[in-house]
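What follows is a single structure, written as structure tokens, with notes after it.
Residue numbers (the working numbering), protein chains in the order written: chain C, 1 to 294; chain A, 295 to 588; chain S, 589 to 882; chain Y, 883 to 1176.
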């Protein structure tokens, strides 16, 4: 594990400068060293100020997003694809401007429940759009990671195996996977096996519980997740994600189906998550080492 | 376990009389004694003939459905609620006419991804609609069961605890829960504990794998599921459910997000599922008995 | 959970006054509020001084032991049974003298690998001996708990169901079970179910990993263990137990088959165990509460 | 999986020619294609007749054993080591004479509860003895596999990592590991990881439940076991093992601590085990394939 981060929606719906600054401070205060801003709208914020504050706190910034229906690069409609590419390019530049290191999420398709099957042509359009975005990202010093998500949030990349094939089809070696324990719980036959399969193609890992609540209270087998991360000597970033209707960003809440409170006290949630992840990480490394040495 | 059944979509998209008859025959051939028809459109079929065929094969029929957006009984719009009630009443009568024993599914709300939060008034509208439907069902000799589903398929009843509260709010003692291992894997902190909590309020149980593929190949902890069913002396029906794009009903495939083949050979799938469920059931009863006796 | 304790063999082989005093201090320093002394030899120590030190540190003392071959109350040999009873009576008094609250372990049989089958007569001899011991214990203000252990450490009580039957056969309502996750992992079909079955007959619970090493690094499903403890509203004591050849008490090491180092740094082990148990306990209570409330 | 076998003690205590012949027939009748005879005493049986019967039934024979205290090759006592070597050499020849393919078990130490720590010199004596035995075995066309067992049945090889180091110290490439899910449940931090670590050094795998009863009723995570076997493309033999006091061989019962009935009907046990293992094997291969292919 390189850095342990936290999703900003634990702290704020993310609509105000004050909210994002508070989120940076809260994250640092709890010992996290990375923050994820979702659906950052650069025009609403003083990016320089956020960038400077993050540097002062030694917090790295990652931005995530999904495409809207009208700018879906996995569409067969040229105008939709063109709008999607422009949107991705702008997003990469905003990440650069806020001093961020990475753009992740559902960059390859609409974020939402599709009402049509995916198509081969849409897949190729998407792969090409991601390749072009990677060019922009390279110039901007921003890393591109693609989040493999459950069937209700995209119809294109639902499994790690699909994600790996997609990476190949982009023809790039600087685009990576963004895996997520919540989504894998819905889509993978063998989440730990998928992590071992993807190996160093994973550059970002979301830790979330099956029902998006407190870690360790649900059904995700985190011991297997962390064992697999230890097996591949994972040395990139891990970010904790949990959503509750206690913190409301209407757009993301609706996209992710957050209809109920899974927690109300984000301070205790964040403190617990940090302890939990560090404990499981430590246990997995000990397990790995115990296993290997006579 | 009373009867072991199978979802008809393992066999057919369900659009033709021949398809449904074949599904009845296939189910019987594999030793199942119950079939679930989803989104039955009574006007398209010879219900008498299906009823007689089912009786001849000793297969009981269950029908499941969810409400469409315009006939959502959990809406705050009176006209939508009225349309939903009429639709439910018609559905109950169709179940009676096909010789079915039970109407299940998402009877209390739209089946699909909501783009609004649930409301208290909508909840009460829904509870009242279900109570009225239960009156009709009583006269028709049909049992009403409400399927608790994941957040992407309804915003109202996502957890067993919500389902139990809803049952109370209907004021009926003849309406039951329809639980489902696929949905519980997404929403419950403790699926086995939820089964023990619901106890004899469960009248129908769907066995499905986390990614809707072959049983036993995914992450659902079926040993815990069956242990909990043994703990509550579950003596009602269990139905196997699995969807693949190999069998296409466009409506349900889109509602459930079936974008990929999880299997292609439904005969081997159905044979495996029957063996699997009977084995796990037997093991759970032995475990229960081993545990209790010195 | 009432108090969280730790086995003294994490700190010391237990052969010297200084060792036991250091163990008390270390336990308190790490925030534990109970200590378990195994195979305490009262004649070797200044019990008053230990008692006073424990009180000053607000550490409660529990003593555990198993019977030697020649003083086995589950024997059919009268002289062996008589020696066993005397030994148990002396042990109870030593617990009183050291200011302890409880005597636990394999009080009902030899601690070790039997080379004969258990007998009905031996069972009855043992139940009678425990009943007599309970009389002495009552006078001394000491609680008696019987540890259900794996087949290699006793042939009499290997499962919780056997333990519950044995309690009945003692005719006492003040003798309780002492369960242990390490032993249950070897003998129980359903460890969580066994905890729910025993309910308030459990008065002492040992938390140990399957191979006796660091908690969370092995195969014991502690989420299920703590869920079951939450289910029964367990409000008695939990004690952490781990053995390594790094700390040597020859007798116990041989009886328990401790042939290898599973850890070397007991400070980090003890710190981790406390964090682990408190985290799992908190998660189980949240899970329980999440499950039950809509 | 090459062949699926069954331990003869499911059928018989193994003391008579009739018993062994019946065991061969029962195994074949249930569809097993391999049998394990434990502690075969060649002088008591008509080996030719057993060999011929096995061939006629297309059942392969494996023999397993552990050394007695007086012939322990891991001793520091020369005479004990010499006796052990002679005993192993005779056992290899008996395997050849009965037409068997393999000698397994605790060939490297006493089978039983040690009352002393293992020593470096004993380890080397044992490795040398196994190397010599492998020479004899090579001439006899018999494969040597070493069973890694729990701490109560040997003090030398309790973990796979120890087993792998031991194989190296024999200097042979034709000696393999014999792993066992029952023992691994007691000793391994990560049983599945241990299987992946050992890879093609495993030539024989015992499937047994945690408490030695019906498969699938206990705590062993067989899905992980079979996933790991699929990961390493395991193409050697698997043998089902379960002991109950219903079938008595006094020696093995005492060595293994079989104090209670875990089953009484061996026909249903054997039928269930075959279905269980084949189902889990099939599921693991599907899981592996589902995971790997987009």
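Note that beta-carbon positions come from the ideal geometry of N, C-alpha and C, so glycine has one too.
When the options are compared against residue i, the one with the closest alpha-carbon
i: residue 218 of chain C; options: A:484, A:567, A:439, A:356; result: A:484
i: residue 107 of chain C; options: C:144, C:252, C:288; result: C:144
i: residue 211 of chain C; options: A:480, A:510, A:519, A:492; result: A:480
i: residue 201 of chain C; options: C:141, C:96, C:168; result: C:168
i: residue 794 of chain S; options: S:828, S:842, S:686, S:666; result: S:828
i: residue 1 of chain C; options: C:13, C:25, C:33; result: C:33
i: residue 170 of chain C; options: C:109, C:194, C:128, C:154; result: C:128
i: residue 253 of chain C; options: A:408, A:333, A:548, A:310; result: A:408
i: residue 634 of chain S; options: S:604, S:611, S:751, S:661; result: S:604
i: residue 375 of chain A; options: A:477, A:543, A:417; result: A:417
i: residue 433 of chain A; options: A:580, A:486, A:386, A:381; result: A:386
i: residue 763 of chain S; options: S:742, S:781, S:735, S:785; result: S:735
i: residue 617 of chain S; options: S:765, S:671, S:855; result: S:855
i: residue 862 of chain S; options: S:722, S:804, S:877, S:846; result: S:804
i: residue 349 of chain A; options: A:369, A:318, A:330; result: A:318
i: residue 1061 of chain Y; options: Y:971, Y:1085, Y:1038; result: Y:1085
i: residue 693 of chain S; options: S:846, S:686, S:738; result: S:738
i: residue 435 of chain A; options: A:466, A:389, A:467; result: A:389
i: residue 298 of chain C; options: C:35, C:31, C:4; result: Missing from the structure shown is residue 298 of chain C; chain C here goes from 1 to 294 and no further.
i: residue 857 of chain S; options: S:831, S:845, S:839, S:838; result: S:831
i: residue 573 of chain A; options: A:558, A:516, A:364; result: A:516
Pair within 7 angstroms by beta-carbon distance, residue i and residue j
i: residue 527 of chain A; j: residue 539 of chain A; result: no
i: residue 796 of chain S; j: residue 815 of chain S; result: no
i: residue 27 of chain C; j: residue 61 of chain C; result: no
i: residue 1175 of chain Y; j: residue 161 of chain C; result: yes
i: residue 403 of chain A; j: residue 352 of chain A; result: no
i: residue 63 of chain C; j: residue 103 of chain C; result: yes
i: residue 932 of chain Y; j: residue 902 of chain Y; result: yes
i: residue 580 of chain A; j: residue 921 of chain Y; result: no
i: residue 1173 of chain Y; j: residue 193 of chain C; result: yes
i: residue 714 of chain S; j: residue 677 of chain S; result: no
i: residue 37 of chain C; j: residue 79 of chain C; result: no
i: residue 869 of chain S; j: residue 1037 of chain Y; result: no
i: residue 570 of chain A; j: residue 152 of chain C; result: no
Bridge partner(s) assigned by DSSP for residue i
i: residue 437 of chain A; result: A:396
i: residue 827 of chain S; result: S:593, S:794
i: residue 944 of chain Y; result: Y:918, Y:984
i: residue 404 of chain A; result: A:361
Near the ligand ZN: residue i beta-carbon under 6 angstroms from a heavy atom
i: residue 305 of chain A; result: What this structure holds is no ligand at all, so the ligand ZN is not there to describe.
Continuous alpha helix (DSSP H) stretch holding residue i: start and end
i: residue 458 of chain A; result: 454 to 464
i: residue 300 of chain C; result: In the structure displayed, chain C extends from 1 to 294; residue 300 of chain C sits before or after that span and is not available.
i: residue 252 of chain C; result: 250 to 256
i: residue 324 of chain A; result: Note, residue 324 of chain A: premise wrong, no alpha helix (DSSP H); not H, not E.
i: residue 224 of chain C; result: 222 to 231
i: residue 928 of chain Y; result: Looking at the DSSP string, residue 928 of chain Y is not in any alpha helix (DSSP H), and its letter there is neither H nor E.
i: residue 487 of chain A; result: 485 to 492
i: residue 575 of chain A; result: 560 to 586
Residue interval of the beta strand (DSSP E) (run including residue i)
i: residue 1057 of chain Y; result: 1057 to 1062
Output needed in chain order: residues of the segment 914 to 926 of chain Y with a Cβ under 8 angstroms from some Cβ in chain C.
none
Which residues, taken in chain order from the segment 853 to 872 of chain S, show a beta carbon closer than 9 angstroms to some beta carbon of chain C?
Among the residues of the segment 853 to 872 of chain S, those with a Cβ less than 9 angstroms away from any Cβ of chain C are 860, 863, 864, 867, 868, 870, 871, 872, in the order of the chain.
Cβ-based contacts, 7 angstroms cut-off: residues of the segment 415 to 440 of chain A near chain C
none
Residues from the segment 91 to 119 of chain C in contact with chain A, defined by Cβ distance under 9 angstroms:
112, 113, 114, 115, 116, 117, 118
To be precise: take each residue of the segment 802 to 825 of chain S, compare its Cβ to all Cβ atoms of chain A, and keep it if any distance is under 7 angstroms. Which residues remain?
815
Interface positions of the segment 486 to 497 of chain A facing chain D (Cβ-Cβ less than 9 angstroms), listed along the chain:
In the displayed structure, chain D is absent; the protein chains listed are C, A, S and Y.
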